[in-house]
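Enquirer: Throughout, my numbering is defined as the position within the sequence shown, counted from one, plus 8. Below: one structure in structure tokens.
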Amino acid sequence: MSYLSFFLCLKYLRCRKIVFLSVAAVAMSCALLITVASLFTGFINAVENGVGEHMGDIVIAAPSGAKISGYDKLIDDLTAHPFIDGATGVLESQGLLLLGKGDVRAVRIWGIELPRRTLVSPVEEFLINPTPEGRRLSFALDGDGGELGGFVGIGVVAKPDDRTDEYDIAGIRNEFLGRKVMLTTGTVLDTRNAPGIGVSPDANAPSGARFKRKALKFAIANIVYSGMHEFDRDFVFLPISMLAEKLYPDRGNVAGMIQIRLSRAGQNKPIDAVVAEAEAIWLRFAQGRFNWGRLATIESSRKMQARLVTEYKKQMAMLMLIFGVVSGGVVLLIFCIFYLIVMTKQKDIAIVKSCGLGSGAVAMMFVLFGLAVGAAGAALGVGLGCLVTRNVNTVEQWISTALGLKIWKSSTYMFSRIPNEVDWTSVVWIVAAAIIAAGAGAVIPAIVAAKLKPVEILRYE
């Protein structure tokens with residue numbers, strides 16, 4: 009008699025086209041949730057990976073006011089470890105960049121090492137003027153032996169188009185590459201024991217500290233366009249030796265932090281264990297050199313973003329809860345449609361029950377029918393959700409062209425493109441929830457159908 013329930017389901021599916029409304033509702037809900045979950049998860053991953061691209065997997069940072077001298081030995085010790093592929097020193101500062109008459113920009117300055125930095129960060133991929141084939145990446149303006157220049161973030165020298173949020177790459181390349189600029193920076197000196205020469209007081213500096221200004225002229229050797237708004241908008245990159253010579257002329261090469269890129273073996277290990285290995289190498293190096301060795305901060309780049317990412321995940325959970333509650337209306341819709349089927353098909357149900365199909369089998373038939381509707385809708389929803397997610401940048405571009413409205417701006421969302429990777433973990437639980445919800449919506453109609461009495465329905469036939 010199980011064949012009766014099977015053919016009855018097929019009959020309802022073919023004859024009651026209103027059932028397809030349930031399938032469409034489930035599909036739309038799944039597509040919405042999959043798209044939202046994938047985009048939000050992609051954004052969170054982009055934040056974590058973007059910082060890792062620029063800063064490496066692990067960062068050793070000296071405490072405020074301290075600098076790491078003789079760091080080449082530390083880098084040799086680090087790169088000798090099988091878990092570490094590369095390490096590089098970075099010297100940080102801040103300053104004002106004079107691009108032209110009256111055109112001054114506040115910038116963050118990183119002194120970096122080339123080509124050593126390419127082992128930690130894909131710098132070459134971010135440059136709008138590619139390095140000629142066969143030549144090493146460097147700050148040189150004219151070949152390996154030319155005058156040294158600097159790299160400037162694309163957002164420092166130009167602004168994107170308000171409508172398209174895109175930069176005029178060709179125009180920027182022609183206008184700014186090779187331009188001479190002036191950078192005003194400096195360092196805070198502790199003058200409690202010895203007065204400084206050519207030093208002016210800083211109103212915001214603590215007692216005994218004075219700010220020593222330094223002016224540095226250089227030519228723009230290349231423009232950095234990484235797609236991460238903060239780095240493109242605020243940063244100037246100079247040779248670390250040039251910056252160290254200006255800021256700390258008596259200390260040789262110094263760095264404020266060491267950025268580390270893990271090898272494949274290191275990436276497969278628990279990050280806390282690898283951080284502990286890096287810390288042990290640092291402490292051995294710092295012993296006898298610095299009295300502040302244990303005050304250095306050593307942590308993964310992901311951990312540095314942990315608080316921000318946690319807040320993003322809270323926002324995602326709240327958004328998914330809201331859309332989940334809205335999508336819960338699918339349960340009510342399936343209940344109404346299935347209840348309508350039960351009320352209008354009482355005679356069919358009575359006939360199959362009179363042929364020997366039990367009440368439990370009738371109830372199970374409707375529940376399975378609901379699960380089938382949920383599965384069909386979820387399958388369509390996965391296809392639609394994946395299609396929208398994969399092509400979300402194209403969709404956003406169409407909307408911008410049609411309405412003249414730029415939805416995604418890098419200045420607001422940190423990145424120049426919308427992350428478009430499907431989050432398959434979310435897909436699994438959304439599909440499972442959709443099928444269960446559809447089955448739950450069919451439970452009450454199934455109970456009503458199971459309680460129908462053939463004698464009362466067919467007594468006038």
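Even glycine gets a Cβ: it sits at the ideal position worked out from N, Cα and C. Every value quoted in this text rests on a predicted model; they were computed, and no experiment measured them.
With distance defined between alpha-carbon atoms, name the residue in ALA440, GLU132, THR305, ILE266 nearest to ALA229.
Expert: Ranking ALA440, GLU132, THR305, ILE266 by Cα distance to ALA229 puts GLU132 first.
Enquirer: Following the continuous beta strand (DSSP E) through ASP93, name the residue where it begins and the one where it ends.
Expert: Counting along the chain, the beta strand (DSSP E) containing ASP93 begins and ends at 92-108.
Enquirer: Could you tell me which residues DSSP pairs with ALA227 in its beta bridges?
Expert: Partner(s): LYS188.
Enquirer: So which of GLY50, SER77, VAL370, ALA39 has the shortest CA-CA distance to MET265?
Expert: Minimum Cα distance to MET265 is reached at SER77.
Enquirer: Between which residues of its own chain and LYS461 is the CB-CB distance below 7 Å, once the five residues before and five after are set aside?
Expert: Nothing listed; no residue qualifies.
Enquirer: Going straight from the alpha carbon of ALA458 to that of LEU411, what length do you get?
Expert: Computed Cα separation, rounded: 54 Å.
Enquirer: Contact defined as beta carbons within less than 8 Å: I believe VAL87 pairs with GLY94. What is the distance between those atoms, to the nearest angstrom?
Expert: The sequence as given places Thr at residue 87; Val does not occur at that position. That pair is a contact at about 6 Å.
Enquirer: Helix, strand or coil for PRO247? Go by DSSP, reduced to three states.
Expert: Looking at PRO247 - three-state DSSP - the assignment turns out to be strand.
Enquirer: In terms of residues, what are the limits of the beta strand (DSSP E) holding GLY161?
Expert: GLY161 -> beta strand (DSSP E) spans 158-161.
Enquirer: Who are TRP118's beta bridge partners in DSSP?
Expert: Partner(s): GLU100, PHE245.
Enquirer: Would SER72 be called buried (16 or more neighbouring beta carbons within 10 Å of its own) or exposed?
Expert: Under this definition SER72 is an exposed residue.
Enquirer: Nearest to ALA166 by alpha carbon, out of GLY64, ASN137, ASP111?
Expert: Of the candidates GLY64, ASN137, ASP111, the one whose C-alpha sits nearest the C-alpha of ALA166 is ASP111.
Enquirer: Rounded C-beta distance between VAL34 and GLY382? I'm assuming under 8 Å.
Expert: The pair is a contact, with the Cβ atoms about 6 Å apart (cut-off 8 Å).
Enquirer: Note down the Cα distance separating GLY7 from ARG310, rounded to an integer number of angstroms.
Expert: The question about residue 7 has no answer here: the residues shown for the chain are numbered 9 through 469.
Enquirer: Which residues in the same chain have their Cβ closer than 7 Å to the Cβ of ILE342, if we skip the five residues on either side of it in sequence?
Expert: If we look at ILE342 and ignore the five residues flanking it on each side, its Cβ neighbours are SER30, GLY378, VAL381, ALA446, GLY449, ALA450.
Enquirer: Confirm, please, whether the CB-CB distance from ILE426 to LEU47 is below 8 Å.
Expert: Taking 8 Å as the Cβ cut-off, LEU47 and ILE426 qualify as a contacting pair.
Enquirer: Would you say LEU47 reaches chain C, if we count a Cβ-Cβ gap shorter than 8 Å as a contact?
Expert: Looking at the structure shown, chain C is missing, and only one protein chain is on hand.
Enquirer: Alpha carbon to alpha carbon, how far is SER271 from ALA281?
Expert: In a straight line, the C-alpha of SER271 is about 14 Å away from that of ALA281.
Enquirer: Tell me the rounded alpha-carbon separation between GLU253 and VAL160.
Expert: Cα to Cα, the separation comes out at about 20 Å.
Enquirer: Are the beta-carbon atoms of ASP65 and ILE268 separated by less than 8 Å?
Expert: Taking 8 Å as the Cβ cut-off, ASP65 and ILE268 qualify as a contacting pair.
Enquirer: Is the Cβ-Cβ distance between LYS414 and THR172 less than 8 Å?
Expert: Yes, these two residues count as a Cβ contact at 8 Å.
Enquirer: Report buried or exposed for ILE349, applying the criterion of at least 16 other Cβ atoms within 10 angstroms of its Cβ.
Expert: So ILE349 ends up on the buried side.
Enquirer: Where does the unbroken alpha helix (DSSP H) through GLU404 begin, and where does it stop?
Expert: Looking at the DSSP string, the run of the alpha helix (DSSP H) that includes GLU404 is 400-411.
Enquirer: Please report the straight-line C-alpha distance between LEU303 and ALA69, rounded to a whole angstrom.
Expert: Cα to Cα, the separation comes out at about 9 Å.
Enquirer: Using the C-alpha atoms, what's the distance from GLU155 back to ASP176?
Expert: One C-alpha to the other measures close to 27 Å.
Enquirer: Can you check DSSP and say which residues form a bridge with GLY194?
Expert: The partner list for GLY194 (beta bridge, DSSP) reads ARG221.
Enquirer: Would you report the Cα separation of ALA286 and HIS89, rounded to the nearest angstrom?
Expert: So the two alpha carbons sit approximately 9 Å from each other.
Enquirer: For SER37 versus GLY274, is the C-beta distance shorter than 8 Å?
Expert: No, the Cβ-Cβ distance between SER37 and GLY274 is not below 8 Å.
Enquirer: From what residue to what residue does the alpha helix (DSSP H) around ARG310 run?
Expert: Taken as a continuous stretch (DSSP letters only), the alpha helix (DSSP H) holding ARG310 covers 309-312.
Enquirer: First and last residue of the beta strand (DSSP E) that includes VAL338?
Expert: Unbroken run through VAL338 is the alpha helix (DSSP H), 337-352; no beta strand (DSSP E).
Enquirer: So who's on the other strand from THR305, going by DSSP bridges?
Expert: THR305 pairs with ALA69.
Enquirer: In the DSSP assignment, the beta strand (DSSP E) including LEU270 goes from what residue to what residue?
Expert: Start and end: 265-270.
Enquirer: Run through DSSP, which three-state label would VAL479 get?
Expert: Because the chain is modelled from 9 through 469, residue 479 falls outside the range shown and cannot be assessed.
Enquirer: Using a Cβ-Cβ cutoff of less than 7 Å, which residues in the same chain neighbour ILE289 once the five nearest sequence positions on both sides are dropped?
Expert: Result list for ILE289: ASP85, LEU86, HIS89, in chain order.
Enquirer: Let me make sure I understand the geometry here. Which of MET190, THR193, ILE162 has the alpha-carbon closest to that of ASN182?
Expert: For ASN182, the nearest C-alpha among the options comes from ILE162.
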